[in-house]
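Residue numbers for the sequence shown, in UniProt numbering: 1 to 916.
Ideal Cβ placement from N, Cα and C applies to all residues, glycine included.
Here the structure is a predicted model, which means the values were calculated and not measured.
Shown next, in structure tokens, is the structure this report addresses.
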Amino acid sequence: MKKFLPFIAFLLILIGCSDDSPEGIQSFEITDKSVDFSAEAQRKEIQITTNLSEWGTYIDGAGEAWCSVSPVVNGTKRALIIQVEENKEWDVRSTTIQVKGAGITHSIKISQLGVKPTILVSPDKFTPGFIGQEIELKITANVSFDLIDSLDWVNPAPMLRSVEMSTTTAKYVVSRNASKESRTGIIYIRNKENKASAQVSITQAGEGDYQPSVESGIKDDIKLVVASAEASSFQSGSGLDKSIDNDKSTIYHSNWTNTASNYFPITLTYNLREVSDLDYLIYYPRTSGSNGHFKEVEIQVRKNGQNTFEKLLDYDFKGSGSATRIGFDQPVKGIASIRFIVKSGAGDGQGFAACAEMEFYRKNPDNFDPSVLFTDASCSELRAGITESDIEAVSNPFFKNMAYYMLKGSYPREFRIQQYKAYPHPNTLAASNKTNPYSLLDNPTGISVAAYDTLIVCVGETNNQSLSLKVQNLNKPGGDGYNDGSSSYPLVKGINKIVPTNRGLIYVMYHTNEYKTASPITIHFASGKVNGYFDVKKHTATQWNTLLNNAVDDYFDVLGEYAHLTFPVYQFKNNTPDGKALIDVYDEITRLEQEFMGLDKYDRMNPNRMYLHVIYTSYMYATNNRTAYNNTTLGELTNAAKVRSSSVWGPAHEIGHVNQTRPGLKWHGMTEVSNNIYSLYIQTSFGNTSRLQGENLSGDGYTNRYEKAMSNMIVKKIAHARESDVFCKLVPFWQLQLYLSNVLGKTDFYKDVHEAIRTTSNQSTDGLSQLEFTKICCDVAKLDLTDFFMKWGLLSAVDYTFDDYGEKRFLITETQAQQTIDAIKAKNYPKPAHAVEYITDLSVPVYKMNASIQKGNVARSGQQLSFTNWKNVVAFEVYNDTELVFISPSTSFTSKSSFNQVYAVAANGTKVKVDL
Numbered sequence: 001m002k003k004f005l006p007f008i009a010f011l012l013i014l015i016g017c018s019d020d021s022p023e024g025i026q027s028f029e030i031t032d033k034s035v036d037f038s039a040e041a042q043r044k045e046i047q048i049t050t051n052l053s054e055w056g057t058y059i060d061g062a063g064e065a066w067c068s069v070s071p072v073v074n075g076t077k078r079a080l081i082i083q084v085e086e087n088k089e090w091d092v093r094s095t096t097i098q099v100k101g102a103g104i105t106h107s108i109k110i111s112q113l114g115v116k117p118t119i120l121v122s123p124d125k126f127t128p129g130f131i132g133q134e135i136e137l138k139i140t141a142n143v144s145f146d147l148i149d150s151l152d153w154v155n156p157a158p159m160l161r162s163v164e165m166s167t168t169t170a171k172y173v174v175s176r177n178a179s180k181e182s183r184t185g186i187i188y189i190r191n192k193e194n195k196a197s198a199q200v201s202i203t204q205a206g207e208g209d210y211q212p213s214v215e216s217g218i219k220d221d222i223k224l225v226v227a228s229a230e231a232s233s234f235q236s237g238s239g240l241d242k243s244i245d246n247d248k249s250t251i252y253h254s255n256w257t258n259t260a261s262n263y264f265p266i267t268l269t270y271n272l273r274e275v276s277d278l279d280y281l282i283y284y285p286r287t288s289g290s291n292g293h294f295k296e297v298e299i300q301v302r303k304n305g306q307n308t309f310e311k312l313l314d315y316d317f318k319g320s321g322s323a324t325r326i327g328f329d330q331p332v333k334g335i336a337s338i339r340f341i342v343k344s345g346a347g348d349g350q351g352f353a354a355c356a357e358m359e360f361y362r363k364n365p366d367n368f369d370p371s372v373l374f375t376d377a378s379c380s381e382l383r384a385g386i387t388e389s390d391i392e393a394v395s396n397p398f399f400k401n402m403a404y405y406m407l408k409g410s411y412p413r414e415f416r417i418q419q420y421k422a423y424p425h426p427n428t429l430a431a432s433n434k435t436n437p438y439s440l441l442d443n444p445t446g447i448s449v450a451a452y453d454t455l456i457v458c459v460g461e462t463n464n465q466s467l468s469l470k471v472q473n474l475n476k477p478g479g480d481g482y483n484d485g486s487s488s489y490p491l492v493k494g495i496n497k498i499v500p501t502n503r504g505l506i507y508v509m510y511h512t513n514e515y516k517t518a519s520p521i522t523i524h525f526a527s528g529k530v531n532g533y534f535d536v537k538k539h540t541a542t543q544w545n546t547l548l549n550n551a552v553d554d555y556f557d558v559l560g561e562y563a564h565l566t567f568p569v570y571q572f573k574n575n576t577p578d579g580k581a582l583i584d585v586y587d588e589i590t591r592l593e594q595e596f597m598g599l600d601k602y603d604r605m606n607p608n609r610m611y612l613h614v615i616y617t618s619y620m621y622a623t624n625n626r627t628a629y630n631n632t633t634l635g636e637l638t639n640a641a642k643v644r645s646s647s648v649w650g651p652a653h654e655i656g657h658v659n660q661t662r663p664g665l666k667w668h669g670m671t672e673v674s675n676n677i678y679s680l681y682i683q684t685s686f687g688n689t690s691r692l693q694g695e696n697l698s699g700d701g702y703t704n705r706y707e708k709a710m711s712n713m714i715v716k717k718i719a720h721a722r723e724s725d726v727f728c729k730l731v732p733f734w735q736l737q738l739y740l741s742n743v744l745g746k747t748d749f750y751k752d753v754h755e756a757i758r759t760t761s762n763q764s765t766d767g768l769s770q771l772e773f774t775k776i777c778c779d780v781a782k783l784d785l786t787d788f789f790m791k792w793g794l795l796s797a798v799d800y801t802f803d804d805y806g807e808k809r810f811l812i813t814e815t816q817a818q819q820t821i822d823a824i825k826a827k828n829y830p831k832p833a834h835a836v837e838y839i840t841d842l843s844v845p846v847y848k849m850n851a852s853i854q855k856g857n858v859a860r861s862g863q864q865l866s867f868t869n870w871k872n873v874v875a876f877e878v879y880n881d882t883e884l885v886f887i888s889p890s891t892s893f894t895s896k897s898s899f900n901q902v903y904a905v906a907a908n909g910t911k912v913k914v915d916l
């Protein structure tokens, strides 16, 4: 039974060490999985490849009495010394050493001979790939032995005999298996007197379909050790040491107080432990939140023997949330310190500076040169004339395996090798369109990778464009995997070796302001598993089931022209017989909202898609770059017919949040209002009844939301900002669409309103934003709508503090309101010919006809009224003497107050008294 010691009792190794990964991920590898000892006291050294500053070991409780382990740290060398005491017992004894680091545990089996005649061999099994490889056995014995080889496809080295009490190494070469079937064989190790024996099993895969070689043979780059780090500004507990602790969950952050005029620039200095050449550096921004992402930075270096820093280059990180690698055409020689002068960063006020990790590297000069086999750095095509003999001569097992399949024409190119187009960074268009930013993940790869599996990515010519990839695992129970389940890594031209810290689907992020002219980049995912995706531009509806059934990940990407879905595979399988029909619906929602906003008319359509993904927390929400939907909603949202009808509101609402034009149509109090202008437009464009018209409010004592809004806001003459029901606040905004677009035919009304908001300077307060909106509407409609806006409280003075995702004061003074009214009237626009404040979805035809009222019958029961055979009535005003107490656009309703008079109102505002 194992004795598990608490971690504090582990042998802890705290070291500054070189990082063997070119992408700066945590690496921790031990080649030896078993070590055998002879019976006498002995010590052996086990090599460790790691960039971790902390790793620990412990020994199985039974082995602590006779086995010990200690670290070796010598320059860049990392190893374990394992020592055993003499074994005077008859039988072999065994224990296990476990080595832990970065959440990875390696087990090393320790076996020691006793007095009994025994042969130990390690490893005792091999699983070479079909292309063949060299294998090596380590044989420890206390008797002489023979190697008995009976396999014609395993070629041994010359026969070796052991010297008693020693370890012998024997090498074999496993030939290529040209068969499609796997094959198995055994190598026997026997003592002539049959006193002891051992065996090694070899199971070799058949040629079959391409599988990446388990062994990459790619050597890692060398991470430079930082001895100390200092910042000119830092928040207590978030000093610059947090950016060199090999933990991306901790961050450096500049001082939270950033109002002083001399806050920027912020100086960050990293002092190397040893003078070294520098080939590249990697900046990892914080992954949770964007506050402090670097923007403009000057990078300086101090060389060995110098006291001053010299400028190396300027770099604009553009506030990106992706890991960024900065390389140099030639190594920068003899570096002692690197300094970043951060001139600007993301965040409120002047902004901040933050960093999860900063890493510095020298390239490994001994890496494989792919040009011996391939035409370019993407390794996507073999050089002309390459033969099987040429491939056999290559020592690198990974590229040897890949090249063979290419030569045979059976390499799976779809999804593994693709050209990725450039997109604008969504923040750029968000700023000019005054919306939230759209997706960052417009380039899905269709590749899935497991956590800590080596990922080999070959990148073609980049033309010095910045690239990165994101590994996203949305499987975050109780949470949102977009950030917490994800990691990002920079990509550069050539071979990129990455060991992701999480499993998931992979996305290429290729963003540039020159996206219209930037060349596509060929990227080859030579490892990882093909998951595939469905893209309406590449695939037909008939391919849907095949692609979906071939998925190996739990999630699947579906791409339209305007929208992109990442939902669980099982939800698609259960609810989506036609993926094209589904993505067409989401494309239409996204396109229609953009057109409604005038993005099409004014050549502002977003090249980035709208991203929708699953979550396992909350219900639905929208935020930067995405909208998110609880898995429990996807039974509806993966059904095209339901999305077009009963379930359209949810996605239209969340997509509407991203599209809200701010602050001109999203001032305080409008967060859950103006996005629903778009929801209503989508709902009714799809042929469904407007929510304002059709939602039953009988539980509140109202026929529908129009009735509640009119009776609450117009009757009580309250300021729009003081209304608590967001759907009541929505009514006047939808009425503008019904009247100006549907009745008067000014179909570009909201398009032009949005453009005016985009091209008008933002107002300094929320109240002024509301007033500016009323002026813009009048200018676009060429109508004096002041009566309409006054009735709905949008031109009322108000001083009110309320919560709209945070408490804030909303202020419009009497003077400001009157100045706005005067400014509108000074334009001498005509007043509308109708009572716009009473229009509803159902009364649009009545407004178009503009006919006189025709009386019918009325029945009264207490405060309930029912009208029959009345025509051309748009609303009923209910009075108690001369006091207006209730308004309803319906023909059957119950007044909230006692009354003795009722008037029917025509579209043009004329009134006819009802005989009660």
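Beyond the five residues adjoining it in sequence on each side, P444 comes within less than 6 Å, by CB distance, of Y507, Y533 and D557 in the same chain, given in chain order. With a cutoff of 9 Å on beta-carbon distance, K295 and G345 are scored as near each other. By the C-beta density criterion, Y805 is exposed, having fewer than 16 other C-beta atoms within 10 angstroms. Counted as a single uninterrupted DSSP element, the beta strand (DSSP E) harbouring R183 occupies residues R183 to R190. Here the alpha carbon of F352 sits roughly 12 Å from the alpha carbon of R286. Our two residues, V569 and D553, have alpha carbons roughly 8 Å apart in a direct line.
The straight-line gap separating the alpha-carbon atoms of N608 and N625 is approximately 9 Å. Between V614 and L634, the gap from beta carbon to beta carbon is short of 9 Å. Counting only residues of its own chain and dropping the five nearest sequence neighbours on each side, E40 has a CB closer than 6 Å to the CB of E86.
Between N869 and G856 the beta-carbon gap is near 3 Å, inside 8 Å, which marks them as a contact.
In this structure, F567 is the residue among R809, W544, H653 and F567 with its C-alpha nearest to the C-alpha of N631.
A contact is defined here as three or more CB-CB pairs under 8 Å, and the stretch 168-186 meets this definition with respect to the stretch 124-138.
Annotation for W870: no alpha helix (DSSP H) segment contains it, and DSSP assigns it neither H nor E.
DSSP places W667 in the coil class of the three-state scheme, outside both helix and strand. Nearest in C-alpha terms to N762, of all of R860, R662, A781 and I853, is R662. Three or more Cβ pairs drawn from the stretch 324-339 and the stretch 261-280 lie within less than 8 Å of each other, which places the two stretches in contact. Taken through DSSP and simplified to helix, strand or coil, F749 comes out as helix.
In this structure S711 is buried. Its beta-carbon is surrounded by 16 or more other beta-carbon atoms within 10 angstroms. Residue environment for W256: exposed (fewer than 16 other C-beta atoms within 10 angstroms of its C-beta). For the stretch 801-854, the continuous alpha helix (DSSP H) assignments of 4+ residues that do not extend past its boundaries occur at 814-825 and 844-849, in sequence order. P331 and K493 have their C-alpha atoms some 16 Å from each other. Only residues of its own chain outside the window of five on either side were considered, and among them Y284, T287, A356 and E357 have a CB closer than 7 Å to the CB of K248, listed in chain order. In chain order, G217 and F368 place their CB closer than 6 Å to the CB of N396, counting only its own chain and leaving out the 5 sequence neighbours on each side. With 16 or more other Cβ atoms from the protein chains shown falling within 10 Å of its own Cβ, E755 counts as buried.
F368 carries a coil assignment under DSSP once its states are collapsed to helix, strand and coil. Boundaries of the alpha helix (DSSP H) around M790: T786 to K791. Secondary structure of T891 (DSSP, three-state): coil. Exclusion of the five residues before and after A640 leaves A581, L582 and V585 as the residues of its chain whose Cβ lies within less than 6 Å of its Cβ.
Between the stretch 667-677 and the stretch 724-738 there are three or more inter-stretch CB-CB distances shorter than 8 Å, so the stretches are counted as touching.
Rounded to the nearest whole angstrom, the CA to CA distance from D799 to R758 is 27 Å.
For S389, the enclosing alpha helix (DSSP H) covers residues E388 to E392. By the Cβ-count criterion, I521 is buried, with 16 or more other Cβ atoms from all chains shown falling within 10 Å of its own Cβ. Taken through DSSP and simplified to helix, strand or coil, N608 comes out as coil. Judged by beta-carbon spacing, V200 lies beyond the 9 Å limit of F145, meaning their Cβ atoms are not closer than that value. Shown here, I718 sits in coil according to DSSP, grouped into three states, outside any helix or strand.
Short of 6 Å from the beta carbon of K666, and not among the five residues preceding or following it, lie these beta carbons of its own chain, in chain order: Q660 and S674.
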